[in-house]
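Student: This is the structure, below, for whatever I ask next.
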Amino acid sequence: MTPVERLIAAGIRPDCARETIMWFRAQGDDYGLEKYLNEVEARKGVPADGRIS
Numbered sequence: 005m006t007p008v009e010r011l012i013a014a015g016i017r018p019d020c021a022r023e024t025i026m027w028f029r030a031q032g033d034d035y036g037l038e039k040y041l042n043e044v045e046a047r048k049g050v051p052a053d054g055r056i057s
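Using our numbering, you'd call the opening residue of the sequence shown number 5 and step up by one each time.
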């Protein structure tokens, strides 16, 4: 699952998800991006692998 798909699955609007990913990548902050993804998924109760059962 791509980072954008993970954010969308966690309830973030698609346009916001794309903008967020572009911002983190422009900063060269892959660690920060992964940390953000994990935090958003944890708040929404999405499993770490991004799959929703």
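We put the beta carbon where it would ideally sit given N, CA and C, even for glycine.
(1) Count the other CB atoms within 10 Å of the CB of arginine 47; is the residue buried (16 or more) or exposed (fewer)?
(2) Any idea if glutamate 23 is buried or exposed, counting beta-carbon neighbours within 10 angstroms, 16 or more meaning buried?
(3) Counting along the chain, where does the alpha helix (DSSP H) carrying threonine 24 start and finish?
(4) Note the first and the last residue of the continuous alpha helix (DSSP H) segment covering glycine 36.
(5) From glutamate 38 to glutamate 45, what distance separates their C-alpha atoms?
Tutor: Considering the structure as presented:
(1) As a position in the sequence shown, residue 47 is number 43, starting the count at 1. Exposed, since its Cβ has fewer than 16 Cβ neighbours within 10 Å.
(2) Within the sequence shown, the letter at position 19 stands for residue 23. An exposed status is given to glutamate 23, since fewer than 16 other beta-carbon atoms sit within 10 Å of its beta-carbon.
(3) As a first step, residue 24 is located in the sequence shown; it is residue number 20 there, counting from the start. Run containing threonine 24: 18-31, per the alpha helix (DSSP H) assignment.
(4) As a position in the sequence shown, residue 36 is number 32, starting the count at 1. Here the alpha helix (DSSP H) through glycine 36 covers 34-48.
(5) Within the sequence shown, numbered from 1, the residue matching residue 38 stands at position 34. Within the sequence shown, numbered from 1, the residue matching residue 45 stands at position 41. In this structure, the straight-line span from the alpha carbon of glutamate 38 to that of glutamate 45 is close to 11 Å.
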